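Here's the structure, in structure tokens; my notes come after.
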Ligand SMILES: [Zn+2]
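In the working numbering, the protein residues as written are 1 to 134.
Set out below in structure tokens:
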């Protein structure tokens, strides 16, 4: 076991390794594989393998600069989506204690405690006052 560890460590020297994009590709490949389980066709299986092969290509690649650039682009693309997902999860968790409003003038999302009746809400960003039922 120790010999394998040393061999693997030596093998991975100078290689890029795993990052967010690689792990996302792996997750995408596994997800595609799972949802296409009922369709046992060679072409569909091959298409599911593409993200997984890309993932391992990136992990074992020695062109570190290029892989980093790809990962930066992925993070820049994925961060807004991730933030929206996290906000949706937070809203779902707090659905019994808080209510969310969107400011009509600046579209800022505002959170107010639930069960206070008709309230006037002041947007902290643009100071616009609007009414809502919490
Ligand atoms: Zn506002």
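Where a beta carbon is used, it is the ideal one built from N, C-alpha and C, also for glycine. Everything numeric in this text was worked out from a predicted model, so none of it was measured.
Extent of the continuous alpha helix (DSSP H) to which residue i belongs
i: residue 21; result: 20 to 35
i: residue 135; result: The requested residue 135 does not occur in the structure, where the chain is confined to residues 1 to 134.
i: residue 130; result: It is not in any alpha helix (DSSP H) - residue 130 instead sits in the beta strand (DSSP E) that spans 129 to 133.
Where residue i falls: helix, strand or coil (DSSP)
i: residue 118; result: strand
i: residue 97; result: coil
i: residue 102; result: strand
i: residue 74; result: helix
i: residue 113; result: strand
i: residue 146; result: In the structure as shown, the chain starts at 1 and stops at 134, and residue 146 therefore has no counterpart that could be examined.
i: residue 65; result: helix
i: residue 38; result: coil
i: residue 5; result: helix
i: residue 125; result: coil
Anticipated Cβ contact below 8 Å, residue i with residue j, distance rounded
i: residue 97; j: residue 113; result: 7 Å
i: residue 59; j: residue 22; result: 5 Å
i: residue 95; j: residue 117; result: The Cβ separation is near 18 Å, so there is no contact.
i: residue 44; j: residue 36; result: 5 Å
Buried versus exposed call for residue i [16 or more other C-beta atoms within 10 Å across all chains shown]
i: residue 124; result: exposed
i: residue 25; result: buried
i: residue 104; result: exposed
i: residue 67; result: buried
> Who's in the neighbourhood of ligand 1, going by beta-carbon under 7 Å from any heavy atom, listed in chain order?
Replying inline: The chain-ordered list of residues whose CB is nearer than 7 Å to some heavy atom of ligand 1 reads 103, 105, 106, 108, 123, 125, 126, 128.
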